[in-house]
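When you read off a place in the sequence shown, starting at 1, and then add 16, the result is the number in the numbering used here.
Let me begin by presenting the structure, written as structure tokens, before commenting on it.
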Amino acid sequence: NQHCVEEVLWANFVAANAWSGSAWTAGVTQNGSSLAFDFDDYQDKVNELMLTTGDKRLMENTLGLVGETGEIAEKIKKHIRDGNSLDTADMTKELGDALFYLAGLAGHLGISFSSVASTNLNKLYDRKKRGVLQGSGDNR
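Next comes the structure, spelled out in structure tokens:
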């Protein structure tokens with residue numbers, strides 16, 4: 017049945033991508049050595065790099081996120097409109113910048129980044145299971 021196939025595919029995806037509950041393990045190289053971290057480790061590192069506090073941090077993170085997603089949208093627009101190639105290395109950097117501000121914003125609001133990720137996936141898989149993945153409205 018379709019549901020069983022999706023569960024097997026999800027299990028394979030989880031295994032292949034090191035998803036373990038609320039933590040996504042990613043590798044980073046720093047000074048020639050490999051580091052592994054999860055969403056919350058990433059968020060901790062982002063918090064160490066923040067230059068502002070209080071309402072200034074709220075503004076920096078929110079406007080930074082909007083600015084970075086605007087840069088991503090601009091590159092995609094030019095790719096479609098002008099036929100420019102989409103440089104994946106450049107897009108990786110821009111997506112990383114957006115991720116930075118998203119993690120910073122969540123941290124400023126007192127929300128763990130792993131909670132953001134797991135809540136989002138749970139919401140989307142629940143919508144898919146109920147057949148309402150497409151559509152509009154937050155509470156469908």
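No residue lacks a Cβ here, since even glycine has one placed at the ideal position from N, Cα and C.
Considering residue i, what are the terminal residues of the alpha helix (DSSP H) in which it resides?
i    : result
D54  : Segment: none, D54 is in no alpha helix (DSSP H) and carries neither H nor E.
L137 : 129–146
D103 : First-last for D103: undefined, no H or E at that position.
Applying the criterion that 16 or more other CB atoms from any shown protein chain within 10 Å of the CB defines a buried residue, is residue i buried or exposed?
i    : result
Q59  : buried
N136 : exposed
D71  : exposed
S130 : buried
D106 : exposed
D54  : buried
Thinking just about the alpha-carbon of each residue, which of the options is nearest to the one in residue i?
i    : options               : result
T78  : T108, K144, A122, F55 : A122
E110 : K93, E84, R97         : E84
T104 : I88, D98, R97, L115   : I88
G126 : K91, E90, L74         : L74
E76  : S101, L149, D113      : D113
Please say whether residue j and residue i have beta carbons closer to each other than 9 Å?
i    : j    : result
G120 : N155 : no
L140 : Y117 : no
S128 : D56  : yes
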